[in-house]
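One structure below.
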DNA sequence: GTCAGTAAGTTACGATCCGATACCTACTGC
DNA sequence: GCAGTAGGTATCGGATCGTAACTTACTGAC
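Protein chains in written order, with the working numbering: chain A, 537 to 655; chain B, 537 to 655.
Laid out in structure tokens, this is it:
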């Protein structure tokens, strides 16, 4: 993104760089409902590798969307909680979950029709 | 995404694979307002390479979110138009644009605070 | 007639990112 | 002292991304 382009400092681009990402969306959605620990999150999200989860959580924490709380039990437990800011984002993203549920059929049908054309 | 996982066939995952992507979001947003040609779109979106634009448009067309109309002028012009289905998605994603505008300051502040901690 | 230009891509290739797997630390219970 | 648990990090191969050059098919200027 070149700085001389008018859209370069568009807030949406900055946000999209972080949020237009499957794992970030799924983690925020999972934490919307409840505080979760690392491995709980891994189970709930499903399909995420430890590396990507760790990376995603770090990025979300940096952006103030979640907080990380270490409790010195044995072994140490780490709780991830959504912040008020993250909650407003989660609500916004939830609209996408609803859209998905409502329109998945149309998308799958369009995909099938497209693939049938010009085999 | 393993098929034996309960979340595997969650509609949101399928949609996210396509939509959780900067260029797709920006293209849909651009076409929401008006039909555009390939190079117009390239200018409007800003920072996208021809390859990624071509790839993104192909994917969005496959999913029935936009249509591609070739007019045999010289040189050939190709118009991309959003579909009714795409329009509903664009409206949903517009909520994210509004969220970005409203909260970009908080995110940037959180990022700065995080980076200041533990240099 | 040939040289530059335009629209809409495609190709080649290097850089970066993602995912699977293995490993690490610090402690517990057996 | 050996396996197990929580929360990660390290490594490496394959997929994806971005940059730059090339392609096709035609137009208008010289």
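For every residue, glycine included, the Cβ atom is placed at its ideal position computed from N, Cα and C.
Around residue 604/B, the same chain offers 593, 597, 614, 615 and 616 as residues with beta carbons nearer than 8 Å, after the five sequence neighbours per side are excluded. Residue 569/A is outside the set of residues whose beta carbon lies under 8 Å from a beta carbon in chain B.
Fully contained in the stretch 572-604 of chain B are the following alpha helix (DSSP H) runs of length 4 or more, in chain order: 574-581 and 586-598. Taking a Cβ-Cβ cut-off of 7 Å, residue 603/B has no neighbours in chain A, whose nearest Cβ is about 10 Å from it. Under the three-state reduction of DSSP, residue 570/A is assigned to coil, being neither helix nor strand. For the stretch 571-589 of chain A, the set of residues with a beta-carbon nearer than 9 Å to any beta-carbon of chain B comprises 580, 581, 582 and 583, in chain order. Interface annotation, residue 617/A: not in contact with chain B, CB-CB separation never under 8 Å. In the DSSP assignment, the residues bridged to residue 614/A are 606/A.
Boundaries of the alpha helix (DSSP H) harbouring residue 647/A: 620-652, taken from the DSSP string.
Of all alpha-carbon atoms in 652/A, 611/A and 549/A, the one lying nearest the alpha-carbon of residue 584/B is that of 549/A. Cα atoms of residue 648/B and residue 555/A: separation of roughly 18 Å, rounded to the nearest angstrom.
When Cβ-Cβ separations below 8 Å define contact, residue 606/B makes no contact with chain A.
Per the C-alpha coordinates, the member of 599/B, 563/B, 624/B and 570/B positioned closest to residue 652/A is 599/B. Residues of chain B with a Cβ closer than 9 Å to the Cβ of residue 624/A are, in chain order, 635, 638 and 639. Nearest CB-CB separation between residue 612/A and chain B: not below the 8 Å threshold. The criterion of a C-beta distance shorter than 8 Å is satisfied by residue 567/B and residue 602/B.
Under a criterion of Cβ atoms nearer than 8 Å, the residues of chain A adjacent to residue 631/B are, in order, 628 and 631.
In the three-state scheme derived from DSSP, where H, G and I count as helix and E and B as strand, residue 560/B is classed as helix.
Among the CB atoms of chain B, one or more fall inside 8 Å of the CB of residue 621/A.
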